[in-house]
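Numbering (full-length UniProt numbering), first residue to last: 1 to 424.
Even glycine gets a Cβ: it sits at the ideal position worked out from N, Cα and C.
To start, the structure itself, in structure tokens.
So, in structure tokens, the structure goes:
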């Protein structure tokens with residue numbers, strides 16, 4: 001005989017009982033209205049945190065209070081087959097489930113603003129990590145007794161179950177009872193039973209199923225059992241195989257998220273096609289010409305390209321000429337201004353120096369776009385620079401010959417500047 005846990009993991013029915021955590025079963029359940037599970041006068045407190053659980057959160061580890069209190073027996077139980085149905089919450093696309101429905105004591109029925117059915121894999125994908133399926137906030141640290149909503153730092157899918165009153169049964173019988181009781185709330189992957197300690201570990205496929213089963217089975221009895229069940233979050237399994245499994249599951253989650261992001265993000269080719277289609281549609285609606293004109297070739301711009309190259313070449317040659325003039329001025333260690341300052345003479349006006357004309361040429365070359373004008377400015381600058389060099393050489397020869405600086409006349413050199421290229 002095949003173990004019943006295998007049928008819970010793979011099949012949809014066990015002994016003729018249809019599970020309500022499948023997508024098809026949820027769709028059929030939403031076709032009818034949800035019914036109240038109890039009457040208002042018969043319902044117990046609707047506090048999300050019972051008094052005993054709230055006190056456990058504020059106990060100190062140094063107190064001597066008894067922490068092994070017996071689990072209180074639940075007064076109601078959810079019947080997923082008869083209680084599931086459509087509510088106002090499902091009509092308004094609510095994402096949170098009704099906590100009182102899970103505990104079997106919701107008095108509103110169809111008027112409830114939350115969901116009245118079992119969670120599926122779709123709710124697993126849409127559930128935020130900081131909240132459980134009932135809308136309660138998770139904490140960074142877990143409680144000492146591993147109760148409550150759990151921690152958002154650890155994605156736990158395994159429940160710890162203590163069954164004290166059913167310890168006299170064998171392991172096979174206990175496994176069947178636990179499979180039947182916990183398999184009602186979601187797909188179960190594995191069940192590990194320790195009969196000698198009256199404990200078992202139930203691992204679900206989805207976290208949402210584990211959260212729902214924890215609230216639904218808290219304080220319930222196994223079929224034929226005497227003592228109430230204590231359901232908590234299980235600690236991490238120290239088994240190396242389990243550690244490797246958890247690591248592999250986390251890697252699969254990351255890979256799946258990456259693949260989903262890649263499918264949602266279009267490629268550059270798709271973006272180009274969409275942009276072209278949008279421009280085609282927009283121009284076809286707002287302009288008089290047809291969309292077929294958009295498929296024609298681009299106009300010939302070869303002439304503009306050649307003119308641009310010529311302009312760039314001209315500007316480059318002018319730039320090199322300016323650089324040559326600057327280098328000629330910088331290579332002379334005894335510059336014109338320094339030489340005049342040492343000898344105490346001013347052979348000609350400051351406006352006739354080389355560098356201001358170079359800067360003037362740079363400014364003019366940026367403003368003038370005509371090639372002929374640029375060439376003319378470059379020629380005049382080169383001629384003036386050679387004249388200045390000739391005057392400088394003549395002035396130094398004049399001083400070396402014993403001439404006086406006050407008697408120096410630059411205009412007297414006009415006869416020697418007939419061939420500017422002869423001066424070095």
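Asked	Found
Residue 212 versus residue 254: straight-line alpha-carbon distance, rounded	25 Å
Nearest candidate by alpha-carbon position, reference residue 234, set 215, 147, 126, 260	147
Under the three-state DSSP convention, the category residue 76 falls into	coil
Which of helix, strand or coil DSSP assigns to residue 163	coil
For residue 250 and residue 139, the rounded distance between their alpha carbons	20 Å
Residue range of the unbroken beta strand (DSSP E) whose run includes residue 191	188–194
Three-state secondary structure assigned by DSSP to residue 33	strand
Short Cβ contact (8 Å threshold) for residue 71 with residue 222	no
Backbone secondary structure at residue 84 - three-state DSSP	coil
Residue 204 classed as buried or exposed, judged by whether at least 16 other C-beta atoms fall within 10 angstroms	buried
Straight-line Cα distance separating residue 209 from residue 117	11 Å
Contact between the stretch 112–130 and the stretch 83–97 (3+ Cβ pairs under 8 Å)	yes
Pair within 8 Å by beta-carbon distance, residue 246 and residue 200	no
Beta-bridge partners of residue 232, as assigned by DSSP	160
Opening and closing residue of the beta strand (DSSP E) in which residue 200 lies	199–204
Exposure label - residue 398; buried when at least 16 CB within 10 Å	buried
Cutoff 7 Å; reference residue 73; Cβ partners in own chain excluding five residues on either side	219, 228
Run of the alpha helix (DSSP H) containing residue 129, from where it starts to where it stops	No alpha helix (DSSP H) contains residue 129, which DSSP labels as neither H nor E.
Given residue 392 as reference, the closest of 409, 258, 112 once Cα atoms are compared	409
Pairwise C-alpha distance: residue 169 and residue 23	35 Å
DSSP-derived helix/strand/coil call for residue 182	helix
Residue range of the unbroken alpha helix (DSSP H) whose run includes residue 103	99–103
Coil, strand or helix - residue 378 by DSSP	helix
Boundaries (first-last residue) of the alpha helix (DSSP H) holding residue 212	207–217
Assigned secondary structure, residue 258 (DSSP; H/G/I helix, E/B strand, else coil)	helix
Secondary structure of residue 152, DSSP reduced to three states	coil
Pair within 8 Å by beta-carbon distance, residue 186 and residue 163	no
Three-way DSSP call (helix, strand, coil) for residue 227 in this model	coil
Helix, strand or coil at residue 177 according to DSSP, with G and I counted as helix	helix
Which residues DSSP lists as bridging residue 139, in chain order	151
Close-in-space but distant-in-sequence residues of the same chain around residue 35 (CB under 8 Å, 5 per side omitted)	82, 83, 85, 109, 110
CB of residue 37 within 8 Å of CB of residue 106, strictly	yes
Rounded straight-line distance, which links the Cα of residue 303 to that of residue 381	32 Å
Those residues which DSSP pairs with residue 115 across a bridge	97
Helix, strand or coil at residue 401 [DSSP, three-state]	coil
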